[in-house]
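Notes follow once the structure below has been shown.
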Amino acid sequence: MPRAGAIIVVPTFRVWNDNSSNDTMRILVTNDDGIYSPGIAALARVATRFGEVRVVAPDVEQSSMGHAITASRPLFYKKSPVNFEGIEAYRVNGTPADCVALGSHLWAKTDVVLSGINIGTNLGNSMWHSGTLAGAKQAVLLGMKGIAFSTPTGKGEPDFKALDSYVERVLSLILENPELNLVNVNLPENPTDIKWTRQSVRQYDGKVVPGTDPMGRKHYWFTVVPLEPAEEGTDRWAIEQGYVSITPLRLDLTNENELMKVLQKQAVV
Ligand code: MN
Numbered sequence: 011m012p013r014a015g016a017i018i019v020v021p022t023f024r025v026w027n028d029n030s031s032n033d034t035m036r037i038l039v040t041n042d043d044g045i046y047s048p049g050i051a052a053l054a055r056v057a058t059r060f061g062e063v064r065v066v067a068p069d070v071e072q073s074s075m076g077h078a079i080t081a082s083r084p085l086f087y088k089k090s091p092v093n094f095e096g097i098e099a100y101r102v103n104g105t106p107a108d109c110v111a112l113g114s115h116l117w118a119k120t121d122v123v124l125s126g127i128n129i130g131t132n133l134g135n136s137m138w139h140s141g142t143l144a145g146a147k148q149a150v151l152l153g154m155k156g157i158a159f160s161t162p163t164g165k166g167e168p169d170f171k172a173l174d175s176y177v178e179r180v181l182s183l184i185l186e187n188p189e190l191n192l193v194n195v196n197l198p199e200n201p202t203d204i205k206w207t208r209q210s211v212r213q214y215d216g217k218v219v220p221g222t223d224p225m226g227r228k229h230y231w232f233t234v235v236p237l238e239p240a241e242e243g244t245d246r247w248a249i250e251q252g253y254v255s256i257t258p259l260r261l262d263l264t265n266e267n268e269l270m271k272v273l274q275k276q277a278v279v
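Start counting at 1 in the sequence shown, then tack on 10, and there's your number in this note's numbering.
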């Protein structure tokens with residue numbers, strides 16, 4: 011029995027293997043549709059061509075949860091039995107941001123986080139609500155590279171096999187460019203080319219639509235409505251034209267113009 015005040019050394023309990031060489035890129039894959047989405051399996055499969063891959067994803071869907079983190083209760087992970095073709099996969103009772111924080115905490119020296127492939131685009135102002143993009147943002151906050159992938163919902167489920175070669179091309183472009191940290195990628199149904207774009211911010215498609223439930227009670231859906239065609243060079247425009255859209259993003263929200271004006275006024279007074 012240890013003496014009072016004695017230091018008890020608790021051995022670190024490492025569940026995940028840590029046997030890769032230093033020059034292998036460590037790629038954490040997450041999403042917001044949940045670990046059972048076919049989109050994350052497709053992304054993880056392509057990622058294995060670039061390095062060592064681990065999947066750490068929410069146990070249930072977290073779409074539109076944005077960059078929420080779980081601070082009021084503990085997080086747990088479980089090894090996931092779903093089929094990732096030999097890739098280690100873990101499901102977490104939290105948000106995409108939680109998955110990235112916990113995943114990179116337990117898997118030291120993670121280099122890059124891929125988030126997606128989301129079923130549904132994340133373009134323009136919808137980026138604010140995106141849990142998919144939040145996974146990539148959380149990576150950048152923690153000093154890693156973060157890349158979000160999304161594709162539209164057509165009549166049925168997206169054909170992820172058909173997107174495979176474009177996801178690989180996009181990953182090659184972004185991973186070999188050290189200038190790029192946070193990147194938002196959207197892939198249309200049948201891509202014809204790749205375009206570098208800016209975020210389309212002129213219109214917002216979030217709208218409250220009233221209706222009635224089967225009991226006749228009034229209810230409200232905060233949903234999306236169709237938008238006017240987008241300006242050329244933007245992410246929405248690229249997808250409308252059938253191009254893959256790659257938008258480099260930043261986390262600094264400072265409005266430089268307004269700050270400059272306020273500071274100049276102060277200097278005059
Ligand atoms: Mn989603």
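Every residue, glycine too, gets a C-beta built ideally from N, C-alpha and C.
Rounded separation between residue i and residue j - CA only
i	j	result
D215	S140	13 Å
N27	Y87	With a pLDDT of 48 at N27, under the threshold of 50, the predicted position of this residue should be treated as unreliable, and no value is reported.
C109	S47	15 Å
T80	V278	46 Å
M154	G221	44 Å
V65	P91	12 Å
S74	I157	17 Å
G104	D43	12 Å
N128	I45	11 Å
M137	A149	16 Å
T142	L273	36 Å
A144	I50	15 Å
A54	A67	11 Å
E266	K165	42 Å
K275	V211	28 Å
R24	G96	With a pLDDT of only 40 at R24, under the threshold of 50, the placement of this residue in the model should not be trusted, and no figure is reported.
E98	L124	15 Å
K147	P188	16 Å
F1	V56	Outside the modelled stretch of the chain, which goes from 11 to 279, sits residue 1, for which no answer is possible.
H77	Q209	18 Å
F170	D69	21 Å
V235	T264	29 Å
S182	P168	22 Å
S82	D121	28 Å
M270	E186	35 Å
From the options, residue whose alpha carbon lies closest to that of residue i
i	options	result
G134	G96, N196, V92, L181	N196
D203	R59, M137, P48, Y253	Y253
A52	G130, D174, G44, N41	D174
L116	D245, L38, E242	L38
D245	E268, L269, V193, H229	V193
P198	Q251, V211, K119, V56	Q251
E71	N187, K171, E178, G126	G126
N200	V235, P188, V177, Q209	V177
T40	L151, D121, P106, V122	P106
L152	G243, M270, S114	S114
Own chain residues within Cβ distance below 6 Å of residue i, not counting five before or after
i	result
T34	G61, E62
E248	Contrary to the premise, residue 248 reads as Ala rather than Glu in this sequence. So the qualifying residues of the chain are K205, T207, S255.
L190	I184, P258
A172	none
Beta-carbon contacts of residue i that lie in its chain and below 7 Å, excluding the five residues immediately before and after
i	result
F232	G216, V218
K89	Y100
V305	Past the boundaries of the shown model lies residue 305; the chain is included only from 11 to 279, so the question cannot be answered.
N132	S140, T142, L143, A158, S160, N194, N196
L85	V102, N103, G104, D108, L112
T163	I129, G130
K119	R36
R59	E178
G243	T207, R208
Spatial neighbours of residue i in its chain, beta-carbon cut-off 8 Å, leaving aside the 5 residues before and after
i	result
Q213	G134, N135, L237, E238, A240
Y230	V218, V219, P220, G221
Three-way DSSP call (helix, strand, coil) for residue i in this model
i	result
V150	helix
A99	strand
F170	helix
A240	coil
I157	strand
G134	helix
N267	helix
V92	coil
K205	strand
G2	Examination of residue 2 is not possible in this model, given that the chain is present from 11 through 279 alone.
E250	helix
T163	coil
E62	strand
S175	helix
L197	coil
Cβ-heavy atom distance, residue i to ligand 2, below 7 Å
i	result
D69	Among the ligands modelled here, namely ligand 1, ligand 2 does not occur.
Check whether the region 252-263 and the region 215-234 are in contact - that is, three or more C-beta pairs closer than 8 Å. no
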